[in-house]
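Have a look at the structure below, then the notes.
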Amino acid sequence: MGPWDEEQVLALAPDPASAKAGQAQARVTKWSGAGSSEHALWGYCQGSGKQPYQTTVDLSGPAFRCSCPSRKFPCKHALGLMLLWAAGGLPTADEPEWVDKWLAERSTRAERAAERAEKKPGEVADPLAAQARASRRADRVSAGMAELEAWLDDQVRRGLSGFEQRGYEELSRLAARMVDAQAPGVAGAVRRAAGVVGRGHGWPGELLEELALIHLTVSAHSRLAELPPSMADTVQTRIGWTVETARVQADGEKVEDDWLVLGRVVEPDDRLTVRRLWLRGATTGRLALILAFAPGGRRLDPLPARPGELLPAVLSFYPGALPLRALLTQTAPRLPGSRPAGLTARQALASYVDSLSADPWNERWPLVLQDVRPARNGANWALVDAAGDALELLPVDPWKLLAVSAGGPLTVAGEWNRAGFRPMTVWDGDRAVIL
Amino acid sequence: MRGWDGLVSSALLGTDRRPPTFDDLPPAVREQLSDEAGLLDAAALATLYKRAGRLPLRGIEPLPVAEGEDRPLPRPNAIRRLTAMVAGFQTAALGEWLRVAEAKGWGIPPEHLPALADYARGRAEYRPLVIAAAGRRAAWLAELNPEWRFLHEAVSDDPELWTHGNSLQRRAWFRRLRERDPAAALEALREVWPTESAATRLEFLGALKAGLSGADEEFLESALDDRSKDVRRLAADLLARIEGSQYGVRMAERVAAHLTESQGVLAVTLPQRVTKAMERDGIDPQAHPGLGRRAWWLKQLVAAAPLPAPDVLQLPVEGVAAEVLQAAWAEAAVREQNAEWARALLRSDASTDGRTSELLRVLPEEEWPAALEHLRTTTDLSELVGGLPVPWPVPLAVLVLDLLSKAGTARSWARLASIAARAVPPEALHHPITREPTGEEDTWRLRLVETLNFRREMYEELS
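Heads up: the protein sequence lines correspond to chains A and B, in order.
Sequential numbering from 1 applies to the first sequence in this note's numbering.
Sequential numbering from 436 applies to the second sequence in this note's numbering.
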């Protein structure tokens, strides 16, 4: 793995004060006997005490060890060492013995943990019991789907008028029933429908769209066996069956390529922060989505590469009719990238339509737009291509994008959904700017 | 889409009451519907049909292009430092970074402009720097975001701005013209003068301070009869700055009537009253705290008059406390930027009425270190150097850093250290204090050394 950059290192800091303190430690003069190898960073840092602190970073984690008394983790010394490394301030050397010893201890521990973990998906202790569990769940899902279908039919027969009053509550209750039925995907769709009720004067039409697509899921589930296997997988994912990562790593479709990082969207949330990282294969042109999650308050894993960089890697794709979600199976050091080729507004919309024809429920679609210029669109903003076709921007802070453009044509990567385009990365010449 | 509204109203009223009809739907949708298809089947198909058929927006006019060239960007580590400062780390050095980058011909990555503009919005001193850094984007962004209107100062040659611009644009336009062509600026001001508010008159009158000359005298004389007292005061102050002005002559005559030198003694008679003519020239007849009324009148006269030769400072004074005269001369010395007087006042430990630091500034900078060595026995050093322009000359920086180097960590030096951290010029950033151990604790010494190192690295990166 190549050195990280400052932003990635600072993202590890447990709080802003630590980040600041870490930056103060990132000076060559603070360190003695410092060095870096492919696996680790190490050095002695002179603190207030008599003995210098002994600091080590295992890059495979990253994991940290420091002899300082700080309760912060990582401490400012580990952060400083990493920052120094990120700035190219650490000489390459062989690991000294004390570093080597710690690394060896860590890898033994990690192997043991991996052995324990591997038992779970592959070698099920009792295959019969597991099968019984799966079939119990299938029964519950089927019962849930039947209940949902009956409810939908009932609503449509009696009419949705009056939903402003009762709709939100009824749909929320229904969503909870779907969680009980072990169909969390459908539960999410029902919750989304609940959110539409009463919003704006066009809500009945929007609600009908949401309910119709839920109905589509339910009816697809009823004839699961007739569907092509990849479509059946899509429907199952939609309902909320998850494929274990170990199975994806083992059996998922493998695609090797230099993956251009198009950009990332982070949706912070009190309970679960989600990060969507979009990739595009330089040779295959395949699009891929790497999801990362962090429970409330915890930090996301560092990005495997920055937007605009190329990540040579093998990806393992989750199954489905529109295989987008993938796992990084094997990676090589990342490479600098240049400005990618992109689409016109019409081509971009057409590519989204193609995705819908594979997966009618697809909601998000990565786009690279080329030669687009910013424009006002009422109170919001839009991007206009050379032919005068425009896509509206979601109401996100547009100022970085505008400042980079200065009114001129841009290459922009972003995420498209029905409400508009959310820019993630813009290229200033060959320099990728994260928005 | 055709037929969709029919599906929605059927869903709203209920299919019991209003059975859905699919005849209005597009043929492509109808073809896919079986005979048993219900409302939701049709709605699902129609929803996808609608979503797939979405067209780009048309008739949207892109923003104009900001014309001009961009400067090259500095090295990545310089940009990383800028990013850190914008994010709140060592932000006090931001202005210096921008100044150095500007001087070296570097541009800045445009994505930082929004944060910099927000930063400069509440800090007027950063505005010219951000305007320079924004280059061709300054006016362009100002046009788009009303909160960044101040970025407009970048373009101010259009005479329309003077007659129709907002106050920021007018101020910038006027200042620029005054720099280039003082007479034309005076003419422009004369034209609008009668119709402007007192506050605006005061502001533009103040802008005449740059490029002030005898050509402005007549106009300023007329401003002595202005409706606003503040405008009258300011006009008097400006007239006092014009060498050989009638105002100066009048003041010199008044002073001569009250000060007489005979037999090595300066004899003072205090004024009996403030005449109408004196009041017109800005003399305040109201009593002044801490000083007798008549002494106060005298002090104002002396302070507003052209300075005599500094020998007069040596004479014993009769008729008023010598400090009154000394303070008045100090005021005049600062106004006239008279180094000879400043030197004489500082050497003689005269009363300067709190103007010591200003007088120091009047001296040529090579005299600062020696003057400070003399003055610091009586006056706090941080007070003296705090008013000096930055960056300091190297000898002054070395003098202060040498002192700090020997000072341990005593609290009383903290203020001087924090001034020095910013004022030391780039040539002195290698001072030995930066290599001395600071300890881990958060002391002024640690902060001083951190700031000096930070600035040194900054200069290296931008070289």
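Don't be surprised by glycine CBs; every beta carbon is placed ideally from N, CA and C.
Annotation for Thr-411 of chain A: no alpha helix (DSSP H) segment contains it, though the beta strand (DSSP E) segment containing it runs 410 to 417. DSSP places Ala-129 of chain A in the uninterrupted alpha helix (DSSP H) bounded by 127 to 158. Short of 6 angstroms from the beta carbon of Val-859 of chain B, and not among the five residues preceding or following it, lie these beta carbons of its own chain, in chain order: Ala-832. With fewer than 16 other Cβ atoms from the protein chains shown falling within 10 Å of its own Cβ, Val-266 of chain A counts as exposed. Between the segment 492 to 503 of chain B and the segment 525 to 535 of chain B there are fewer than three inter-stretch CB-CB distances shorter than 8 angstroms, so the stretches are not counted as touching. Residue contact check for Leu-322 of chain A against chain B: no CB pair falls below 8 angstroms.
In this structure, Glu-766 of chain B lies away from Ser-786 of chain B, with their beta-carbon atoms at least 8 angstroms apart. CA-to-CA, the gap between Ala-569 of chain B and Arg-605 of chain B works out to about 20 angstroms. Measuring C-alpha to C-alpha distances from Arg-715 of chain B to each of B:Gly-699, B:Ala-691, B:Ser-657 identifies B:Ser-657 as the nearest.
Annotated as distal: Pro-398 of chain A and Arg-373 of chain A, with beta-carbon spacing of 8 angstroms or more. At least one beta carbon of chain A lies nearer than 8 angstroms to the beta carbon of Val-500 of chain B. Distances from the CA of Glu-801 of chain B to each of B:Ala-845, B:Ala-774, B:Tyr-682 were compared; the closest alpha carbon is that of B:Ala-774.
Of all C-beta pairs linking the segment 205 to 220 of chain A to the segment 269 to 286 of chain A, fewer than three are shorter than 8 angstroms, placing the two stretches out of contact.
The C-beta of Leu-490 of chain B has fewer than 16 other C-beta atoms within 10 Å across all chains shown, which makes the residue exposed. Taking a C-beta distance under 8 angstroms as the contact criterion, Thr-283 of chain A and Leu-311 of chain A do not qualify as a contact pair. In terms of Cβ geometry, Ala-87 of chain A and Ala-26 of chain A form a close pair [threshold 8 angstroms]. With the criterion set as a beta carbon lying under 7 angstroms from some beta carbon of chain B, the members of the segment 403 to 414 of chain A are Ala-403, Val-404, Ala-406, Gly-407, Gly-408, in sequence order. In terms of beta-carbon proximity, Thr-482 of chain B lines the interface with chain A, with at least one pair separated by less than 8 angstroms.
DSSP, read as helix, strand or coil, puts Lys-254 of chain A in strand. DSSP places Tyr-53 of chain A inside the beta strand (DSSP E), whose first and last residues are 53 to 58. With 16 or more other Cβ atoms inside 10 Å of its own Cβ, Gly-337 of chain A counts as buried. Cα atoms of Asp-616 of chain B and Leu-640 of chain B: separation of roughly 16 angstroms, rounded to the nearest angstrom. Counting the other Cβ atoms within 10 Å of the Cβ of Asp-660 of chain B gives fewer than 16, which makes it exposed.
Bridge partners of Ile-290 of chain A according to DSSP: A:Leu-277.
Residue range 849 to 858 is occupied by the alpha helix (DSSP H) that includes Ser-853 of chain B.
Residues Phe-317 of the same chain have their beta carbon placed closer than 6 angstroms to that of Glu-253 of chain A, with the five preceding and five following residues left out of the count. For Arg-346 of chain A, the residues of chain B that pass the 7 angstroms Cβ criterion are Pro-491, in the order they occur in the chain. In the displayed model, Arg-606 of chain B falls within a helix according to three-state DSSP. Flagged as an interface residue toward chain B: Glu-209 of chain A, by a C-beta distance shorter than 8 angstroms. Leu-897 of chain B is positioned such that its CB atom lies no closer than 8 angstroms to that of Thr-869 of chain B. In the same chain as Arg-571 of chain B, and ignoring 5 residues on each side of it, the C-beta atoms closer than 6 angstroms to its own belong to Ala-501, Gly-503, in chain order.
Taking each of B:Lys-734, B:Arg-708, B:Gly-717, B:Asn-580 in turn and checking the Cα distance to Tyr-682 of chain B, the smallest one comes out for B:Gly-717.
By the Cβ neighbour-count rule, Arg-625 of chain B is exposed, with fewer than 16 other Cβ atoms within 10 Å of its own.
Taking a beta-carbon distance threshold of 8 angstroms, Val-833 of chain B does not count as an interface residue toward chain A.
Not a single C-beta of chain B is nearer than 8 angstroms to the C-beta of Glu-244 of chain A. Pro-423 of chain A has a beta carbon lying at 8 angstroms or more from every beta carbon in chain B.
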